[in-house]
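Q:
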Amino acid sequence: MRIDVGAGYRLYYTRRGDILVILLVGGDKSTQDKDIRRAQAMLGELEE
Numbered sequence: 002m003r004i005d006v007g008a009g010y011r012l013y014y015t016r017r018g019d020i021l022v023i024l025l026v027g028g029d030k031s032t033q034d035k036d037i038r039r040a041q042a043m044l045g046e047l048e049e
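Counting in my numbering, the sequence shown runs from 2 upward without gaps.
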């Protein structure tokens, strides 16, 4: 997904079969490492 407005914000998501799950975490380049860790933690909670 690309939204061509402003800074390069990132959005994290996963697929569960035909369902797209948007993880409610995101940010810009300066918080990318922290955002990825948070998205992975949220994904782990979904899998429990």
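C-beta atoms are modelled at their ideal positions from N, C-alpha and C, and glycine is treated no differently. These figures come from a predicted structure and were not determined experimentally.
Would you mind sorting ASP36 into buried or exposed? The rule is 16 or more other CB atoms within 10 Å of its CB.
A: Taking the sequence shown and counting its residues from 1, the one referred to as residue 36 is at position 35. The residue in question, ASP36, is buried, as its Cβ has 16 or more Cβ neighbours within 10 Å.
Q: Spell out the partners DSSP gives THR15 in its beta bridges.
A: Translated into positions along the sequence shown, residue 15 becomes position 14. Answer is VAL22.
Q: According to DSSP, which residues form a beta bridge with GLY28?
A: Here residue 28 corresponds to residue number 27 of the sequence shown, with the count starting at 1. Paired residues: ARG11.
Q: Looking at TYR14 and ASP29, is the spacing between their C-beta atoms short of 9 Å?
A: Start at 1 with the first residue of the sequence shown, and residue 29 comes out as number 28. Start at 1 with the first residue of the sequence shown, and residue 14 comes out as number 13. No.
Q: On the CB-based measure, 16 or more other CB atoms within 10 Å of its CB, does ALA42 come out buried or exposed?
A: Residue mapping note: residue 42 aligns to position 41 of the sequence shown, counting from 1. By the 10 Å Cβ count, ALA42 comes out exposed.
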